[in-house]
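All residue numbers for the sequence shown refer to our numbering, where the first residue is 103 and numbers rise by one. All C-beta atoms, glycine included, are put in the ideal place defined by N, C-alpha and C. Quantities reported herein were computed from a predicted structural model and do not represent experimental measurements. The structure under discussion appears below in the form of structure tokens.
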Amino acid sequence: LYESTVEFDVTSEYAMAGRDFSARIYDAASDENLEWSVVGGSDYSVTTNSAAQFTAQTGTALGLTSDDVYTSYELPFAFPFYGEEYTTVYPNSNGALFLASGYNNWSYNESLFLSNPMIACMWRDQCSGDVYVTKTANSVTFRWASLYNGDSSAANESLTLYSDGRIVCAYGAGNAYGGEVGISAGDGENYILCGREGTGMANFGEIAFTPIGNLPAGLALSSDGTFSGVPQEAGEYTLSLIATTADGSTS
103 LYESTVEFDV TSEYAMAGRD FSARIYDAAS DENLEWSVVG GSDYSVTTNS
153 AAQFTAQTGT ALGLTSDDVY TSYELPFAFP FYGEEYTTVY PNSNGALFLA
203 SGYNNWSYNE SLFLSNPMIA CMWRDQCSGD VYVTKTANSV TFRWASLYNG
253 DSSAANESLT LYSDGRIVCA YGAGNAYGGE VGISAGDGEN YILCGREGTG
303 MANFGEIAFT PIGNLPAGLA LSSDGTFSGV PQEAGEYTLS LIATTADGST
353 S
């Protein structure tokens, strides 16, 4: 990870709160085109891409074939989430992924959601299927291929964790009743709930949660390493950044 400090001083003519700011970060020792992103952070942006296509890769079955079960899975990287890092996660058979310990609850539970670091991909009672996992050095995808319990209609969803903290939920055919979608830090205060329970999500596309990191309010970082915007408050801000090469390698 590259550690970079961005400082805004109200006495500076270049970086002043309330004025347009633009600067670019780059690796002086490399001539590669790098894609930059902020790692971790305590807040997330949410975007929906209805045009995204669901990819049902086979992957390795985790053996979650019984009703209301979970397992543990070791990630190939430390996953940053709401300022903490996790190397073991706990997918269950009902479209949810817990990060601190496993739970087999069959559908969205407000108390459980708020009190545990977790990701709800499409949290609703599912059965008669399995969860499959595929991975690269910088991402892990969990794919649920199952049926809604009591109805036996298809439920197809996937959840991808990226090493820079991004989370992408994708939705395929079926999904007539949807399921709750959201992320929670587990502290009862920091969470995002998308309200998809009981709402059809057939071929819905993707819902992405992207960490904003500790960027000053008003600033954004583009993939080419350019910081731009109008900082709202003077101060010193320390960011953790990740640089990705064209072949997917990171620093």
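Please determine, among the options, the residue with the shortest C-alpha to C-alpha distance to residue i.
i: residue 296; options: 349, 281, 127 and 213; result: 281
i: residue 288; options: 214, 146, 138 and 193; result: 214
i: residue 162; options: 146, 233, 304 and 328; result: 233
i: residue 259; options: 210, 283, 186 and 343; result: 283
i: residue 343; options: 138, 168 and 166; result: 138
i: residue 229; options: 252, 152 and 270; result: 252
i: residue 275; options: 267, 268, 269 and 256; result: 256
i: residue 223; options: 153, 197, 186 and 325; result: 197
i: residue 267; options: 185, 136, 254 and 210; result: 185
May I have the straight-line CA-CA distance separating residue i from residue j, to the nearest angstrom?
i: residue 113; j: residue 127; result: With a pLDDT of only 41 at residue 113, under the threshold of 50, the placement of this residue in the model should not be trusted; the figure read from the coordinates follows. Taking the straight line from one Cα to the other gives about 23 angstroms.
i: residue 412; j: residue 226; result: Limits of the chain in this structure are 103 at one end and 353 at the other, which puts residue 412 out of reach.
i: residue 159; j: residue 313; result: 26 angstroms
i: residue 345; j: residue 323; result: 12 angstroms
i: residue 265; j: residue 140; result: 11 angstroms
i: residue 195; j: residue 189; result: 20 angstroms
i: residue 207; j: residue 285; result: 16 angstroms
i: residue 279; j: residue 157; result: 20 angstroms
i: residue 235; j: residue 123; result: 42 angstroms
i: residue 129; j: residue 330; result: 18 angstroms
i: residue 149; j: residue 262; result: 15 angstroms
i: residue 164; j: residue 237; result: 13 angstroms
i: residue 273; j: residue 311; result: 15 angstroms
i: residue 105; j: residue 291; result: Low per-residue confidence applies at residue 105: pLDDT is 47, beneath 50, and the placement is therefore not dependable enough to give any value.
i: residue 300; j: residue 293; result: 20 angstroms
i: residue 82; j: residue 333; result: Nothing can be reported for residue 82: it is not among the residues displayed for the chain, which extend from 103 to 353.
i: residue 271; j: residue 125; result: 32 angstroms
i: residue 304; j: residue 121; result: 45 angstroms
i: residue 327; j: residue 147; result: 18 angstroms
i: residue 111; j: residue 155; result: Note that residue 111 scores a pLDDT of 47, beneath 50, so its modelled location is shaky; the value from the coordinates is reported in the next line. Cα to Cα, the separation comes out at about 45 angstroms.
Less than 8 angstroms between CB atoms is the rule here; does residue i satisfy it with respect to chain D?
i: residue 172; result: Given the protein chain composition of this structure (a single chain), no chain D is represented.
Tell me, which residues are paired with residue i by DSSP?
i: residue 125; result: 329
i: residue 360; result: With the chain covering 103 to 353 only, the question about residue 360 has no answer from this structure.
i: residue 262; result: 243 and 270
i: residue 309; result: 150 and 271
i: residue 80; result: Residue 80 lies beyond the residue range present for the chain, which begins at 103 and ends at 353; the question has no answer from this structure.
i: residue 167; result: DSSP, once it has assigned bridges, lists no residue as partnering residue 167.
Exercise. Touch check for the region 190 to 206 and the region 215 to 229: three-plus C-beta pairs under 8 angstroms?
Worked result: Touching, yes, given that three or more Cβ pairs across the two stretches are closer than 8 angstroms.
Exercise. For the 8 angstroms Cβ check, are there 3 or more pairs between the region 233 to 246 and the region 164 to 184?
Worked result: yes
Problem set entry | Every unbroken beta strand (DSSP E) within the region 194 to 251, with a cutoff of 3 residues, ordered by chain | 198 to 200, 220 to 225, 228 to 237 and 241 to 250
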